[in-house]
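Note sheet for the following structure.
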Amino acid sequence: MSAAAGPGVLRFRLLGPLEVLRDGTPVRLRGLHQRAALAYLLLRPNRATATSELIAALWPGQPPASARKMVQNAVWQLRTRLLPPPPDDGGGEQRERGAVLWSRPPGYLLQVHPGALDLHRFHTLAAEGRARMREGAVATASLRWREALDLWRGPMLADLVEAGMRWPELEAAETARLDVLEKFFDAELALGRHDSVLPELRAVTRAEPRREPFTGQLMLALHRGGRHSEALDVYTAIRTELAEELGLEPGRRLHALHQAILTGDPSLDLTPPPGALRVAAAPPAPAGPLPAAPDGAPEAVRVHREISVLLLAVAFPGTPDGTGVPDDPHGLGDPHGIGCPDSGSDADALERAEAETAALETVIGEAASRFGGSVLSRIGSCRLIVFGATRAHGDEPLRAVSTALAVRQRLRHRPPERRLRLRAVVDTGDALVRHGPPEAGPPAVTSAVLDRAQALLPLVPPGEVWVGPATRAQTGTAVDYQRARVSSAAWAVRALRPAAPAGEKTPLLERAQPLRTLTALLDGAPPGPRAALVVGAPGLGKSALLDAFARLVTERAPGGRPLLARVAPATVDDSQLFAVAAQLCAACGIGPADPPGGARHKLWALVERVAADPEEATGLFTRLLTAIGHLPGHERTAAADEVAAAWLILLERLAAERPVLVLVDDLHGADDTVLRLVDRAAARPDGPLVVATARPGVFHRRPAWAAGREPSAGLPLTLTLEPLSDASVAERVRDLLPPDEGTGRELTEAVTALAGGNPLFAAAFVHHALRRPAPDPAVPRTALIPGPVRRALGAELDALPAGPARAVRDAAVIGEDIGAAAFAVLTRQPAHEAARTLADLARRGVLAPTGTAPDGTPRYRFRRPLLREVAYTQLPPGARAARHAALAGGPGEAPPPVPRALLRLHSVRERRLR
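Written out as structure tokens, the structure reads:
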């Protein structure tokens, strides 16, 4: 055991997985007994809890004979590591530290300062909101309730619930949360923010379908937003469900609301309460800056984002499910189920379990870091990894799935006696992310996605990875799925799809010059680097150019055709070895009819001929046998990443005797082995030709490559794809429209104006406009911005440093005519600093100058109105309202106008649907 920790200031977080913070740093609690005992005492702060009551809480069924001793051990460990009793100083040290654990008959007493508990803070904020509402201060009440709800990080004590704890206090706290959420919605509707709360209302009604007040609030929000038929559909759906499942009718209030909507009762129209939003208004003249954070603390940044969540559950060896021994269904007595034994009697077992847990943390941490995820918390035997909370890349669902497969792959290659079994769930959806100062740690995430993933995880069989519908919709082209065996709302991952050869030809507009450059490189003219990098923003046609180049190569005569290999940028698991196997067999001349021995002989003959020395030949042969191991008689001898690395080496060796062309798509997300292949190809005139595509972010990993605009030794030749002309975009739109489309001309003009030269954006807008709206559309403000466009622009915004990204969101609030004076009000900057910030955004290509204000300062507009729309909707409704109030010098919200082209596209779409 370690010595007792220093005092420090302790804070306890119960509203989510149990967390203990000492001076803002998480404290690791080892073992379920310690966490469960601490949590139960925290639910009864400052009063004695009998030992028998603790035993009954920790073992819902028949407790073991040693239960009392195990509780004593847990308390002793808590005191040793966390809560040593202080000297008698009149309670002063307790107030400073936050908590002290005492022995008090008939059991124990946990003395906790109220400010140390997030549960107490929640109830305090909820009470403050009720008091402000009684005073008529609706806006202030709404803010208090929003603060209270933001304290929740998921289901209360989710890690202990996962382990089988079912305490009445948990249900009571959840009921209190729903009550506060209901009051918050009431306040927001009274303030006229029905559009802002609509997405969250939809999520809540899906999670709590039989809580009728939420259904009524959703109907009212839809009605006030002009969606009367949707409001009536909500009532019909709940009425049908109640009748079929319970034989009941909706309650009197819901029925009355339904009748009022049917008759157009004017009492449903918005009547702002007295004093609405006036608490945020400055004195009549002039408008002042936004209020500073209390006590000079840094202001927390709250942003709406789409995130992907990966929830991993790992089963340790020796248990059926990784949560407990066979005769201990709640996992309370298992020394390995969660990594650490509680009794402390077996020091060797404790050290082994701690070493296993540390190794597991390393595997998960490395995989999450590799794919851009943030490990937010440990929930019992689970780990929660979030993608897109800090920075969006536009492909968060695929990154989350790849992380799960990479972790599973690492665990499968452990020795059998130390092999861990994994279950994983990936889900995607909207979230509210709150970023505090750097010392506050990871961001706080509020989203129904977390609850959905946790509800699905117990259904996942060991060894499988399941995803929700939104994740599958975004990754279906890259991942092979099958319907999950238990849940109809989930899909099981089968494998990543390999990099496919060029298929159906798509129009290649304005890319003839880069295609000629690549062909010249293949033919050896001009002499220079044997690597080319095609760089461009998402959607500009990098992959289409690569496919067109591959088709040109395969159409050549056999004598002038190089060995063509498409390499996956990152090797995640064994599923990607099928592509290596096919290409390796083609290089070796292995056919389907070859017996295993013949295949082995052909592989060895090739490797022996081209390898640098016998040692390398043996290593390559041993690893590459794994790739052709799908033939009978071969056993797996190497991990997938080792096989991929061996294949790259073999391709380099083959280039000495025949032309070799290696194609890599999405190099910005590649493993280091692939990046090093590009480095070597650029430095050697006799190696394979490597042609890769990448987003500009690849220069963060290889800054020197940015200088490769002209052929030079040591650097890949960089070809930058620019946006298409409006004429080419219009041609692409016409190709996508049905021949008999009556609104073709108007759609073409509107889409061309919105696409900004991006063919992916154009295709997304066309498909979005032609299909019927989904039953659960996005926020009305962005209902006509397709998901791929929103995600790409969100990733572009997140690629900016934090300061400029915040400035873009503030500028989006102002609208089309942006000046330093208004921007200074929003950012609480002096006017000259505000002017410098706007000039910096102009240098970054976000803003464009439009003229000069009367005071001589420049005025700006957004170069791309869609980027303004995405930045504006990332701000939570409360933040938008406060900024609008500060700009107006009084109450009210005046959002910036929707881009005309977007309104025109919306009008055309509405006419098509009639």
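187 is the number of the first residue of the sequence shown in my numbering; add one for each residue after it. Beta carbons are placed, not taken as given, at the ideal position from N, Cα and C, and that holds for glycine. Computed from a predicted model, the values in this text were never measured in an experiment.
Can you look up tryptophan 353 in the DSSP assignment and give me helix, strand or coil? Here residue 353 refers to the residue found at position 167 of the sequence shown. Correct three-state label for tryptophan 353: coil.
Determine the burial state of asparagine 232: buried for a count of at least 16 other Cβ atoms within 10 Å of its Cβ, exposed for fewer. Position 46 of the sequence shown holds residue 232. With fewer than 16 other Cβ atoms within 10 Å, it is exposed.
Identify, in the order they occur along the chain, each residue of the same chain with its Cβ nearer than 7 Å to the Cβ of alanine 936, setting aside the five sequence neighbours on each side. Counting from 1 along the sequence shown, the entry for residue 936 is found at position 750. Ala1087, Arg1090, Leu1091 and Val1094.
Opposite arginine 564 in the DSSP bridges: which residues? Within the sequence shown, numbered from 1, the residue matching residue 564 stands at position 378. Partner(s): Arg569.
Can you give me the Cβ contacts of alanine 717 inside the same chain, cut-off strictly under 6 Å, excluding the 5 residues immediately before and after it? The residue you call residue 717 lines up with position 531 of the sequence shown. Hits under 6 Å: Val864, Ala867, Ala868, Val876 and Pro902.
Could you please give the first and the last residue of the uninterrupted alpha helix (DSSP H) stretch that includes aspartate 381? As a position in the sequence shown, residue 381 is number 195, starting the count at 1. Its alpha helix (DSSP H) spans residues 380-393.
Would you mind stating whether leucine 707 and alanine 878 have Cβ atoms separated by less than 7 Å? One-based indexing of the sequence shown puts residue 707 at position 521. One-based indexing of the sequence shown puts residue 878 at position 692. Their beta carbons are not under 7 Å apart, which means leucine 707 does not touch alanine 878 by this criterion.
Could you give the first and the last residue of the continuous beta strand (DSSP E) run that contains valine 286? Here residue 286 refers to the residue found at position 100 when the sequence shown is read from its first residue. Per DSSP, valine 286 belongs to the beta strand (DSSP E) from 285-290.
Is the number of C-beta pairs between the region 783-797 and the region 836-844 that are closer than 8 Å three or more? yes
Euclidean distance between Cα positions of glycine 202 and proline 1016: Here residue 202 corresponds to residue number 16 of the sequence shown, with the count starting at 1. Here residue 1016 corresponds to residue number 830 of the sequence shown, with the count starting at 1. Cα to Cα, the separation comes out at about 41 Å.
Which runs of the beta strand (DSSP E) fall wholly inside the region 925-1006 and span at least 3 residues, in chain order? none
I need the straight-line Cα distance from alanine 768 to glycine 217, nearest angstrom please. Sequence index remark: in the sequence shown, residue 768 carries index 582 (1-based). Sequence index remark: in the sequence shown, residue 217 carries index 31 (1-based). Approximately 48 Å between the Cα atoms of the pair.
Within 10 Å of its beta-carbon, does aspartate 1041 have 16 or more other beta-carbons around it, so buried, or fewer, so exposed? Your numbering for residue 1041 matches position 855 in the sequence shown. Exposed, because fewer than 16 other Cβ atoms sit within 10 Å of the Cβ of aspartate 1041.
So, is lysine 255 buried or exposed, given that buried needs 16 or more other C-beta atoms within 10 angstroms? Numbered from its first residue, the sequence shown carries residue 255 at position 69. Exposed: under 16 other Cβ atoms inside 10 Å.
Assess contact between the region 988-996 and the region 1025-1039, defined as three or more Cβ pairs (one per stretch) separated by less than 8 Å. Is contact present? yes
Can you tell me where the alpha helix (DSSP H) holding histidine 599 begins and where it ends? Along the sequence shown, read from residue 1 onward, the residue named residue 599 stands at position 413. Neither: histidine 599 is in no alpha helix (DSSP H) and is coded neither H nor E.
Check whether the region 360-368 touches the region 1035-1050, counting contact only when three or more Cβ pairs, one atom from each stretch, lie closer than 8 Å. no
Neighbourhood of glycine 930 by C-beta, 6 Å cutoff - its chain only, sequence neighbours within 5 removed: Numbered from 1 along the sequence shown, position 744 holds the residue referred to as residue 930. Result list for glycine 930: Leu923, in chain order.
Nearest-angstrom Cβ-Cβ length linking alanine 592 and arginine 556, presumed shorter than 8 Å: Position 406 of the sequence shown, counted from the first residue, corresponds to residue 592. Position 370 of the sequence shown, counted from the first residue, corresponds to residue 556. Contact holds; Cβ gap of about 7 Å.
8 Å contact criterion, which proline 882 and valine 721 should meet: CB distance rounded: Position 696 of the sequence shown, counting from 1, holds the residue named residue 882. Position 535 of the sequence shown, counting from 1, holds the residue named residue 721. Between valine 721 and proline 882 the Cβ distance is about 6 Å, and since that is below 8 Å, they are a contact.
Going by the beta-carbon positions, is the gap between alanine 253 and tryptophan 262 smaller than 7 Å? As a working note, residue 253 is residue 67 in the sequence shown. As a working note, residue 262 is residue 76 in the sequence shown. No, they are not a contact pair.
Look up phenylalanine 1048 in the DSSP assignment and give the residues it is bridged to. In the sequence shown, the residue the question calls residue 1048 occupies position 862. Looking at the DSSP assignment, phenylalanine 1048 forms a beta bridge with Leu1033.
Start and end residues, beta strand (DSSP E) containing aspartate 304: For the purposes of this step, residue 304 is identified with residue 118 of the sequence shown, where counting begins at 1. Per DSSP, aspartate 304 belongs to no beta strand (DSSP E); it is in the alpha helix (DSSP H), 304-320.
N-terminal and C-terminal residue of the beta strand (DSSP E) that serine 494 is part of: By one-based count along the sequence shown, residue 494 stands at place 308. From DSSP, the beta strand (DSSP E) with serine 494 extends over 487-501.
Please classify alanine 813: is it buried, with 16 or more other beta-carbons within 10 angstroms of its beta-carbon, or exposed? Residue mapping note: residue 813 aligns to position 627 of the sequence shown, counting from 1. Buried.
In this structure, how does DSSP classify valine 1084 when only helix, strand and coil are distinguished? Position 898 of the sequence shown, counted from the first residue, corresponds to residue 1084. Reduced to three states, the DSSP call for valine 1084 is coil.
Under a three-way DSSP split, which group does proline 212 fall into? Working through the sequence shown from its first residue, we reach residue 212 at position 26. The answer is strand: DSSP assigns proline 212 an E or B state.
Report yes or no: do the region 844-851 and the region 746-762 share at least 3 C-beta pairs separated by less than 8 Å? yes
Relative to the C-alpha of aspartate 666, which candidate in Asp451, Thr1013 and Leu682 has its C-alpha closest? Indexing the sequence shown from 1 puts residue 666 at position 480. Ranking the options by Cα distance to aspartate 666, first place goes to Leu682.
In this structure, does DSSP put histidine 1092 in helix, strand or coil? Indexing the sequence shown from 1 puts residue 1092 at position 906. The answer is helix: DSSP assigns histidine 1092 an H, G or I state.
How big is the Cα-Cα spacing for arginine 332 and threonine 757? Reading the sequence shown from its first residue, position 146 is the one you call residue 332. Reading the sequence shown from its first residue, position 571 is the one you call residue 757. For arginine 332 and threonine 757, the distance between alpha carbons rounds to 43 Å.
When the Cα of leucine 983 is compared with those of Val1032, Ser238 and Phe947, which residue comes out closest? Against the sequence shown, residue 983 aligns to sequence position 797. For the residues Val1032, Ser238 and Phe947, the minimum Cα distance to leucine 983 belongs to Val1032.
Quick one, are the C-beta atoms of proline 628 and valine 619 less than 7 Å apart? Residue 628 sits at position 442 when you count from the first residue of the sequence shown. Residue 619 sits at position 433 when you count from the first residue of the sequence shown. In this structure, valine 619 does not lie closer than 7 Å to proline 628 by Cβ.
Whose C-alpha, out of His579, Val739 and Pro700, is nearest the C-alpha of glutamate 908? For the purposes of this step, residue 908 is taken as residue 722 along the sequence shown, with counting starting at 1. Nearest of His579, Val739 and Pro700 to glutamate 908, Cα basis: Pro700.
Straight-line Cα distance separating threonine 449 from threonine 1036: By one-based count along the sequence shown, residue 1036 stands at place 850. By one-based count along the sequence shown, residue 449 stands at place 263. For threonine 1036 and threonine 449, the distance between alpha carbons rounds to 49 Å.
How many Å lie between proline 655 and threonine 1043 at the Cα? On the sequence shown, residue 655 is found 469 positions in, with the first residue counted as 1. On the sequence shown, residue 1043 is found 857 positions in, with the first residue counted as 1. Spanning the two alpha carbons is a distance of roughly 50 Å.
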